[in-house]
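What follows is a single structure, written as structure tokens, with notes after it.
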Amino acid sequence: MSTLGDSIVNDDDDLNSDHEDHIYGQEEVSQQQQLEAKKISSQKLRRFDSLDIESSKFRSHQHLGAKGAEWSVILNLAFQSIGVVYGDLGTSPLYVYPATFRGGIKHNDDILGALSLIFYTITLIPVVKYVFIVLRANDNGDGGTFALYSLICRYAKVGLIPSQEAEDREVSNYHLESPNNNRLRRASWVKSKLEKSLFAKYFLLFATMLGTSMVIGDGILTPCISVLSAVGGIKEATSSMTEDRIVWISVAILVVLFMVQRLGTDKVGYSFAPILCLWFLFIGTIGIYNFIKFDPTVIKAINPWYIVQYFKRNKKQAWISLGGTVLSITGTEALFGDLGHFSVRSIQISTCAVVYPSIILCYVGQSAVLRKHNEYSSDAFFKSVPGPVYWPMFVVAVLAAIIASQAMISATFSIIQQSLSLGCFPRVKVVHTSVKYEGQVYVPEINYLLMLACVAVTIGFRTTDRLGNAYGIAVVFVMVLTSSFLVLIMIMIWKTHILLIISYVLVIGTIELIYLSSVLYKFDQGGYLPLAFAMFLMAIMYIWNDVYRRKYNYDLDHKISLQKVKEIVGNTNFYRIPGLAIFYSELVHGIPPLFKHYLDNVPALHSILVFVSIKSLPISKVPGEERFLFRKVQPNELNVFRCVVRYGYTDVRNEQDPFERKLVERLKNFISEEYQFSKTIQNNQESAEKDGELDDTLVEREIEVLEKACTAGIVHLVGENEVIAEKGAGIGKRLLINYGYSFLKRNLRQTDKVFDIPRKRLLKVGMTYEL
């Protein structure tokens, strides 16, 4: 038997395909037809679920900047993106050549080989791969590893998070696409294999966790290497500046940088773009000056044959030096990760018009200087700066390094928020620092942990050489994972021609794997650091997510049927007291076992009960008007409702408007809409018209009861859960649940703190889960 939700989804899909470009005002004309369609569908059912009905009537929302935006808006976004996205990529010329030629320059043509490597690496990876291919694989305008995972989960049933349970999918505003006659066989075959393989599902989740952990590792390493490289330039001006002083100056800058995070990037955001524009102007102009003055023949490096000769001359050392060359594309993942703040077109324009030419000119200029002065290889950037502009360049370099650090720290906060929303990270406080830009967040606990890690890494490593080894592994790992996800998207979603997929794997994939082999060679020289960070973060993510899913499945297996709820509420032994009680639960369908546990100890119920399930869907945003979904438990006299509150992984949770006020407003709207819908689906239209006046009276009466309950008082009931391993569980399971999860839960925030539930009206119900 088909479900009403499925029927309406199909109706809406047809409607959307015919009227894809219509605005909401135009769609209101067809609401009556939609209601009639629902009427026909509902006749096939034993019952209808208003959660299904309400969830399926909304259409997908595309990112506002995706298409149709005016050029003035796109150009403005392109300008702003320069200050947010390119700090890390733009400051890489500070340390690439020193990391590439650690043993000095053995042959003058080695400079041409290195320049050719840098030119083709930057052209193929940031520009071709990311700007023109990966940016297309966005999740309704949002990018990053989670966006790729979300996209795959939407086209194949491969998700393991609770939002992907069969019942939960019915109340999501995304649909799983089924194979059709036009789908290529390989797309259907790959999709089928992924859906049937439990290993593949776990692998995709682990890969997503690994990718996000590596980007967080970037958030630790970027401030260290950027600030150390910039401050190190002062050695050229004074010999009294020792390595110790450079380290401690860098530490002081890092501490100040992390202390001002609480102010939010919105306070200084508009100063970022002008400073980085000045940085790109400086490095591009100086690059042209050095190119003309020292050696214009470096233009020969555009011939990739110099790369072949470079490897022939240096063999193993050339392969090892790739660990330095790859630093020229650090920060590339930010092109994709920060997409949600801008648009695809704006990032394409800023990359191709400003960033790419400036960086290439800078490397060309440094190469020209090195061709005449091989001894400058240990500090190529500041040695190539002309004397008269040295100090202005030094100041701008330090500012650019700080901005680069700021961008990665902000990205780390966003990633933690995404992980938290998908049940992959313990609860932490997320502060939204900007009313205008919802993506700008600050996580106090993570901020201080990052600060301690950065200070420790800076003091421990001291130089950019060893930091470069660590940084390279984090950068390349994320790129390889992105490519792996992208190939799946090409096959299953885009249905790309097989020759193009093979070409991508042979060119981009081969380059990234060669770079990965090189950076892994230096594992014991600092390369272990990002992997250690990633393993630590993945352990936290895995422990939390695993127990989170176990606990959800326990609730699902032990839920209370609606018939049982009717018996409990109708029992004369229970008192109904004035007020509105909100029970929080993970379940979408069914009443959680917590409710029965509460009634066993407190034989009293409020006049109105609302079972609230706060769900995190694997999509980026859920529009505010679509956030609350309701269903009324029959009969009406019980005054019991189920409510699902849906959030995307970039949605604001701690909104300024009180959560309970929004819930009550939407509940009132639902009561009115439910009666309107009920009248429409009645078989006899005449009797519906006769009963219209009576229905209106019932609506007013029910809303009046709700208002009286709210006036009497609202109480929030939250489970105070203790989770332990079941009797007879293995030692691994006991360690995971009794020690790992319990430690995280004791030291991190509870539900009431995360959702700002008023403590004066909070009641915690203790319950033990044996998993």
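Take the sequence shown: its letter number 195 is residue 195 in the UniProt record's numbering, and every next letter is one higher.
By construction, the Cβ of each residue, glycine as well, lies at the ideal position given by its N, Cα and C atoms.
Computed from a predicted structure; not experimentally measured.
Within the same chain, Cβ atoms closer than 6 angstroms to the Cβ of G719 are found at L594, V765, M767, the five residues on either side in sequence being excluded. In the DSSP annotation of this structure, the continuous segment of the beta strand (DSSP E) that includes G579 starts and ends at 575-585. Relative to S343, the option among V640, L609, E625, I82 whose CA is nearest is I82. Check the Cα spacing between M538 and each of I216, W71, Y376: the tightest is with I216. One alpha carbon belongs to D555, the other to I614, and they sit about 14 angstroms apart.
S250 and Q309 have their C-alpha atoms spaced approximately 39 angstroms apart. Within the stretch 266-340, the complete alpha helix (DSSP H) segments at least 4 residues long are 305-314, 316-325, 333-337, listed from N- to C-terminus. Residue burial is scored here from C-beta neighbours: L281 has fewer than 16 other C-beta atoms within 10 angstroms and is therefore classed as exposed.
A contact is defined here as three or more CB-CB pairs under 8 angstroms, and the stretch 294-314 fails this definition with respect to the stretch 124-135. With respect to the C-alpha of V723, the residue from R761, L562, V547, Q634 having the closest C-alpha is V547. For F461 and F413, the gap between their C-alpha atoms comes out near 25 angstroms. The three-state reading of DSSP puts L89 in helix, counting H, G and I together. The DSSP assignment places complete alpha helix (DSSP H) segments of no fewer than 4 residues inside the stretch 221-260 at 243-259, in order along the chain.
Annotated as proximal: A474 and L221, with beta-carbon spacing under 8 angstroms.
Taken through DSSP and simplified to helix, strand or coil, L762 comes out as strand.
Straight across, the Cα-Cα distance linking V565 with I591 is about 8 angstroms.
DSSP places V134 outside any alpha helix (DSSP H), giving it a letter other than H or E.
The shortest CA-to-CA distance from G324 to any of I225, Y289, I234 is the one to I225. Rounded to the nearest whole angstrom, the CA to CA distance from Y97 to I409 is 25 angstroms. S419 is classed as buried because its beta carbon has at least 16 other beta carbons within 10 Å across all chains shown. With respect to the C-alpha of R666, the residue from I703, T285, Y289 having the closest C-alpha is I703. Inclusion of A729 and G579 in the CB contact set at 8 angstroms is not warranted, their separation being larger than that value. Note that the stretch 500-513 does not touch the stretch 188-207; fewer than 3 beta-carbon pairs, one per stretch, sit closer than 8 angstroms. Taking Y769 as reference, the option from L663, M492, Y552 with the minimal CA-CA separation is Y552.
The three-state reading of DSSP puts Y97 in helix, counting H, G and I together. Counting along the chain, L263 sits inside no beta strand (DSSP E), nor does DSSP assign it H or E at all.
In its chain, beyond the 5 residues on either side, K191, L194, E195, M492 have a beta carbon closer than 7 angstroms to the beta carbon of A156. Look at I614 here: in three-state DSSP terms it is strand.
Relative to the Cα of R701, the nearest Cα in the group C643, S346, E637, L762 belongs to E637. When secondary structure is reduced to three states using DSSP, I560 falls in the strand class. Straight through space, the alpha carbons of P274 and V640 are spaced by roughly 56 angstroms. L339 and V705 have their alpha carbons spaced roughly 46 angstroms apart. Per DSSP, K632 is one residue of the beta strand (DSSP E) stretching across 628-633. DSSP places R427 in the coil class of the three-state scheme, outside both helix and strand.
Cβ-Cβ distances below 6 angstroms link V431 to Y442 in the same chain, with the five nearest sequence neighbours on each side left out; the list follows chain order.
Closest option to T297, judged by alpha-carbon separation, among A453, W391, T212, V364: V364.
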